[in-house]
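Enquirer: Handing you this structure, nothing more for now.
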Amino acid sequence: MNDRPVRFGLVGFGAWGQHHANAIQVTDGAELVAVSASSQASADSAKKTYEAVDVYTDYREMVQRSDLDVIDVVVPSYLHHEVASAVLRADKHLLLEKPMGVSLQECDEMIQLANDRELMLAVGHELRLSSMWGKAKEMIDDGFIGDPLYALVELSRNPYRQGANGWRYDIDRVGSWVLEEPIHFFDLARWYLQSNGNPSSVYASANSRQPGHPELQDNFSAIMHFDGGAYAVVSQTLAAFEHHQTIKVTGTKGALWASWSGAMDRTRHPTFSLRAFDGETVQTVPIDKPTGELFELEDQIARMVDAFRNGKELHCTGKDGRWSVAMCLAAEASIRSGKPELIRQAS
Ligand SMILES: NC(=O)c1ccc[n+]([C@@H]2O[C@H](COP(=O)([O-])OP(=O)(O)OC[C@H]3O[C@@H](n4cnc5c(N)ncnc54)[C@H](OP(=O)(O)O)[C@@H]3O)[C@@H](O)[C@H]2O)c1
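Using the working numbering, the first residue of the sequence shown is number 947, and each one after it goes up by one.
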């Protein structure tokens, strides 16, 4: 076991990138060594916050440093493939925010690069590390509800932020709004129903409050079928308030019901609960650690440290990240065609 700090570089110092920087800074065994931003204003802000850290305005320069172990990429989604490929070509391990890419070809190329160079490629589906969403997974895998047959993953929240230079509301740069947030829920649904094999097809509907912009889907719902017979419903509205997420999973024997609420997604003071029915009695399952994306982000950095030092398995691999993109792109295609669409597996 190697005890020296794992040296991180970070590309992207926007709203979420700043949380990554903080998570690296507070994680035992991790050291934030370098940050790359795009504008001078963001570079100055990074330097002001982290005086001891080297700051770049060209990530290509930063990734060439020989003293970085892991590079964490938190840039707008259309740049994931470009920046992540440069990281892997520079022989650095990679933590890449979701969506892994905006096309399956991008995902396949990154997986190939990481495999060829024997590098770690982890994707930022941090909900898998949650004390509550993760406890639900553990109970499902332990057979608490019998064979899982159905999962509902649902969110109602306030509208999205614009993002730097408005990228989140520009469909060419965001790729699809299904890739923005519902991608987390497709990932959870596939994870929970894994004993049913692969997801095979999806039928989705969406609408928008914005005249002339059907692609900006305020309301989105999908029903996804699995090879083994189970199905999942993924549903989201951005036309609501605060941040409220629910899962309901039922099986041949019992059921789980978990919910999380906060004034916003990034609160450190949420309310949450997991209730479980084993076919006879209902119990409230104790959750020993607070859950929420800021907590899980720190756990994600800790997992990268453990993976680097001790070979611990990644919480979400490139293959998982590709599946998430495949489910979302099939849902997006279904919205346009009005028909169920097949989900493309890796060749
Ligand atoms: N896992 C999660 O829960 C989660 C949550 C939120 C976001 N995300 C993902 O994280 C990514 C970033 O989202 P965000 O909300 O942080 O967006 P954001 O606030 O718009 O920030 C994006 C940042 O990327 C920087 N950037 C753009 N091009 C760059 C380049 N070539 N080199 C270095 N930096 C560059 C921008 O720099 P300037 O400021 O200089 O323009 C900006 O600061 C997206 O892919 C999003 O989907 C994931």
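We treat Cβ as the ideally placed atom computed from N, Cα and C, and that holds for glycine.
#1: For Glu1126, count the other beta carbons within 10 Å of its own beta carbon; 16 or more makes it buried, fewer makes it exposed. Which is it?
#2: Among Ala992, Val972, Gln1163 and Phe1131, which residue has its Cα nearest to the Cα of Ile1306?
#3: Is the segment 1207 to 1221 in contact with the segment 1078 to 1091, if contact means three or more CB pairs nearer than 8 Å?
#4: So, does the segment 1240 to 1254 touch the segment 960 to 972, judging by three or more C-beta pairs under 8 Å?
#5: Please find out if some non-hydrogen atom of ligand 1 comes closer than 6 Å to the beta-carbon of Val957.
#6: Can you name the start and end residues of the beta strand (DSSP E) that Lys1194 belongs to?
#7: Roughly how many whole angstroms lie between the Cα atoms of Phe1223 and Gly1143?
#8: Kindly examine ligand 1 and report whether one of its heavy atoms sits closer than 6 Å to the Cβ of Glu1127.
#9: Hey, is Lys1044 close to ligand 1, as in C-beta under 6 Å from one of its heavy atoms?
#10: Give the C-beta separation of Met1008 and Ala980 to the nearest angstrom, bearing in mind that I take them to be a contact with Cβ-Cβ under 8 Å.
#11: By Cβ distance below 7 Å, which residues in the same chain neighbour Arg1155 in space, the five residues on each side in sequence not counted?
#12: In chain order, what residues of the same chain have a beta carbon less than 6 Å from the beta carbon of Glu977, not counting five sequence neighbours either side?
#13: So does Ala1030 have its beta carbon nearer than 6 Å to some heavy atom of ligand 1?
#14: Relative to ligand 1, is the shortest distance from any of its heavy atoms to the C-beta of Tyr1024 smaller than 6 Å?
#15: For Asn1142, which of helix, strand or coil comes out of DSSP?
#16: Alpha carbon to alpha carbon, what distance is there between Ser1012 and Val1099?
#17: Would the beta-carbon of Gly1070 be found less than 6 Å away from any heavy atom of ligand 1?
#18: I'd like to check one pair, Val1180 with Pro1232: are the Cβ atoms closer than 7 Å?
#19: If you follow the alpha helix (DSSP H) that Ala969 is part of, which residue opens it and which one closes it?
#20: If I measure Cβ to Cβ from Lys993 and keep anything under 8 Å in the same chain, skipping five residues before and after, which residues do I get?
#21: Could you check if Leu1288 is buried or exposed, using at least 16 other CB atoms within 10 Å of its CB as the buried criterion?
#22: Once the 5 residues before and after Gly1089 are set aside, which same chain residues still bring their CB inside 7 Å of it?
#23: How should Lys1258 be labelled, buried or exposed, when 16 other C-beta atoms within 10 angstroms of its C-beta is the threshold for buried?
#24: Tell me which residues share the same chain as Arg1249 and place their Cβ nearer than 6 Å to its Cβ, disregarding the 5 neighbours each side in the sequence.
#25: Using the three-state DSSP reduction, which class does Ile1017 fall into: helix, strand or coil?
#26: Should Gly1267 be counted as a contact of ligand 1 given a C-beta to heavy atom distance under 6 Å?
#27: Thinking Glu1239 and Glu1043 are a contact (beta carbons under 8 Å), I'd like their distance in whole angstroms, please.
#28: Could you tell me the alpha carbon to alpha carbon distance between Tyr1024 and Gly1197, rounded to whole angstroms?
#29: Pop quiz: Leu1050 and Arg1290 are said to be a contact at Cβ under 8 Å. What is the actual Cβ separation, rounded to whole angstroms?
#30: Could you check where the alpha helix (DSSP H) with Trp1079 kicks off and where it finishes?
#31: Whole beta strand (DSSP E) runs in the segment 1166 to 1246 with 3 or more residues, listed along the chain?
Expert: Looking at the atomic coordinates:
#1: When all chains shown are included, Glu1126 counts as buried.
#2: The first residue shown for the chain is 947 and the last is 1293, placing residue 1306 beyond what the model contains.
#3: Yes, the segment 1207 to 1221 is in contact with the segment 1078 to 1091.
#4: Output reads yes: the segment 960 to 972 touches the segment 1240 to 1254.
#5: With a threshold of 6 Å, the Cβ atom of Val957 counts as near ligand 1, since some heavy atom of the ligand is closer than that.
#6: The continuous beta strand (DSSP E) containing Lys1194 extends over residues His1189 to Gly1197.
#7: Rounded to the nearest angstrom, the two C-alpha atoms are 24 Å apart.
#8: Answer for Glu1127: no, Cβ out of range of ligand 1.
#9: Yes, the beta carbon of Lys1044 sits closer than 6 Å to at least one heavy atom of ligand 1.
#10: Rounded, the Cβ-Cβ distance is 5 Å, consistent with contact.
#11: Around Arg1155: Asp1164 and Ala1185.
#12: The answer, listed in chain order, is Pro951 and Arg953.
#13: Checking the Cβ of Ala1030 against ligand 1 gives no.
#14: Flag unset: Cβ of Tyr1024 not near ligand 1.
#15: Here DSSP, grouped into helix, strand and coil, assigns Asn1142 to helix.
#16: Looking at the two C-alpha atoms, the distance is approximately 42 Å.
#17: For Gly1070, the shortest C-beta to heavy atom distance toward ligand 1 is below 6 Å.
#18: In this structure, Val1180 does not lie closer than 7 Å to Pro1232 by Cβ.
#19: Element bounds for Ala969: Ala961 to Val972.
#20: Contacts found: Val999 and Val1001.
#21: Of the residues assessed, Leu1288 falls on the exposed side of the cut-off, its CB having fewer than 16 other CB atoms within 10 angstroms.
#22: For Gly1089, same chain residues with a beta-carbon under 7 Å away, outside a window of 5 residues either side, do not exist.
#23: Lys1258 is exposed by the Cβ-count criterion.
#24: Take Arg1249, set aside five residues on each side of it, and the residues of its chain with a beta-carbon closer than 6 Å to its own are His1261, in chain order.
#25: In the structure shown, Ile1017 sits in a strand (DSSP, three-state: E or B).
#26: With a threshold of 6 Å, the Cβ atom of Gly1267 does not count as near ligand 1, since no heavy atom of the ligand is closer than that.
#27: Not really, about 12 Å apart at Cβ, beyond 8 Å.
#28: Just so you know, the alpha carbons of Tyr1024 and Gly1197 end up roughly 38 Å apart.
#29: Distance from Leu1050 to Arg1290 at the Cβ level is roughly 6 Å; contact confirmed, criterion being Cβ atoms closer than 8 Å.
#30: Boundaries of the alpha helix (DSSP H) harbouring Trp1079: Trp1079 to Asp1087, taken from the DSSP string.
#31: Taking only runs of at least 3 residues, the beta strand (DSSP E) segments lying wholly in the segment 1166 to 1246 are 1177 to 1183, 1189 to 1197, 1201 to 1208, 1217 to 1223 and 1228 to 1230.
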